[in-house]
Amino acid sequence: MTVFRIGEAAELLGVSADTVRRWVDAGRVAAGRDEHGHRVIEGVDLAAFVRSGADERPEESSARNRLRGIVTAVVKDTVMAQVDIQAGPFRLVSLMSREAVDDLDLRVGSVAVAVIKSTTVVVERSAPAVAPRGRTSS
């Protein structure tokens, strides 16, 4: 069973630890205590919480991956443009027509939603943190 401490859950969701604590206190996310008395959230409960908000879409679309963030850079030439968005800990870069950037009035500092629809998504699983191997000090 995978469990997450409040800070780990917050990092995964791209919110503050205080936000996760408020959700737990309000009963929106189930949490227990570990052997040290720290609040922990079971992975299945955290996943259920995330899924429960998945239907809050502003419009109908087949794309399910939406990352809201702030535009950090816009580079335009005569035909194409590059838009950088910081969505929580994630930097997203989109290449699009200059006309689309102008129509959406995308500027540094504006809020935008990156909608991702892809036939290929690479999924990696991070290994648990392990103490580095080496000499022990005496």
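The opening position of the sequence shown corresponds to residue 321 in the numbering used here, with each subsequent residue numbered one higher. Quick reminder that beta carbons are idealized off the backbone N, C-alpha and C, glycines included. These figures come from a predicted structure and were not determined experimentally.
Select from the options the residue whose C-alpha is nearest the C-alpha of residue i.
i	options	result
G408	D422, A330 and M400	A330
T398	F410, E419 and E328	E419
R342	E355, H356, D354 and G327	G327
A441	R384, G357, A401 and D345	In the sequence as presented, Ala is not what sits at residue 441; that position holds Val. When only C-alpha atoms are compared, the closest one is R384.
R325	V394, R353 and I390	R353
What are the boundary residues of the alpha helix (DSSP H) that residue i is part of?
i	result
D404	It is not in any alpha helix (DSSP H) - D404 instead sits in the beta strand (DSSP E) that spans M400 to A407.
G327	I326 to L333
V344	A337 to D345
V421	R418 to L424
Name the DSSP bridge partner or partners of residue i?
i	result
V265	Nothing about residue 265 can be reported from this structure: the residues present for the chain run from 321 to 458 only.
V431	I390
F410	A407
V395	Q402
L415	Q402
Please classify residue i as buried or exposed, where buried requires at least 16 neighbouring CB atoms within 10 angstroms.
i	result
I436	exposed
V349	buried
A367	exposed
I361	buried
A346	exposed
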